[in-house]
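Residue numbers (my numbering): 6 to 145.
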């Protein structure tokens with residue numbers, strides 16, 4: 006992966022790190038589609054009305070943790086659908102704009118989706134997102 010952009014390498018490393026951290030905190034984070042339900046549970050337990058719970062797991066380093074969770078969600082979807090990470094190190098908002106391109110050409114922005122999940126709650130479920138994009142990708 007030496008030819009990957011720095012942001013893609015950061016996303017891959019962050020996905021692995023947050024997987025371990027979530028697992029240590031009692032969430033199943035094994036890169037399965039089913040594990041996205043655990044990401045939704047994480048947000049239900051750690052955020053209220055688009056704000057981190059005081060002294061919760063999102064109360065510090067919110068941006069870095071949302072990026073890491075977004076990278077995890079993206080990596081789950083990428084692995085399931087044989088997708089590719091795409092990121093531009095020259096983009097000042099590379100962490101937000103990093104994307105996963107699926108085999109069918111669909112482009113997904115998992116960090117943006119996780120940010121919406123944090124802000125809007127269960128209406129922006131990452132599990133539903135993962136199931137929806139994965140089922141449409143497998144129909145190709």
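Note that the Cβ used here is the ideal one computed from N, Cα and C, for glycine as well.
Keep in mind it's a predicted model, so treat the numbers as computed, not measured.
Close-in-space but distant-in-sequence residues of the same chain around residue i (CB under 7 angstroms, 5 per side omitted)
i: residue 42; result: 132
i: residue 50; result: none
i: residue 40; result: 33, 34, 81
Distance CB(residue i)-CB(residue j) smaller than 8 angstroms
i: residue 28; j: residue 94; result: no
i: residue 73; j: residue 63; result: no
i: residue 92; j: residue 101; result: no
i: residue 85; j: residue 17; result: no
i: residue 47; j: residue 32; result: yes
Proximal residues to residue i (C-beta, below 6 angstroms), its chain only, five neighbours per side dropped
i: residue 80; result: 20
i: residue 193; result: The displayed coordinates of the chain run from 6 to 145. Any statement about residue 193 would go beyond what the structure contains.
i: residue 87; result: 108
i: residue 12; result: 92, 94, 99, 103
i: residue 96; result: 102
i: residue 6; result: Only weak support is given to the placement of residue 6: the predicted model assigns it a pLDDT of 45, under 50, and the question is left unresolved by the model.
Proximity to residue i [Cα-Cα], best of the options
i: residue 140; options: 97, 90, 31, 83; result: 83
i: residue 122; options: 138, 98, 44; result: 44
i: residue 30; options: 56, 128, 36, 61; result: 61
i: residue 56; options: 129, 138, 26, 125; result: 125
i: residue 78; options: 134, 14, 15; result: 134
Where the beta strand (DSSP E) through residue i begins and ends
i: residue 89; result: 89 to 91
i: residue 106; result: 104 to 106
Those residues which DSSP pairs with residue i across a bridge
i: residue 113; result: 105
i: residue 53; result: 56
CB contact check: residue i to chain D, cutoff 8 angstroms
i: residue 66; result: In the structure shown, chain D does not exist; there is a single protein chain.
Cut-off 8 angstroms between Cβ atoms - residues of its own chain near residue i, not counting five sequence neighbours on either side
i: residue 68; result: 100
Extent of the continuous alpha helix (DSSP H) run through residue i
i: residue 69; result: 67 to 86
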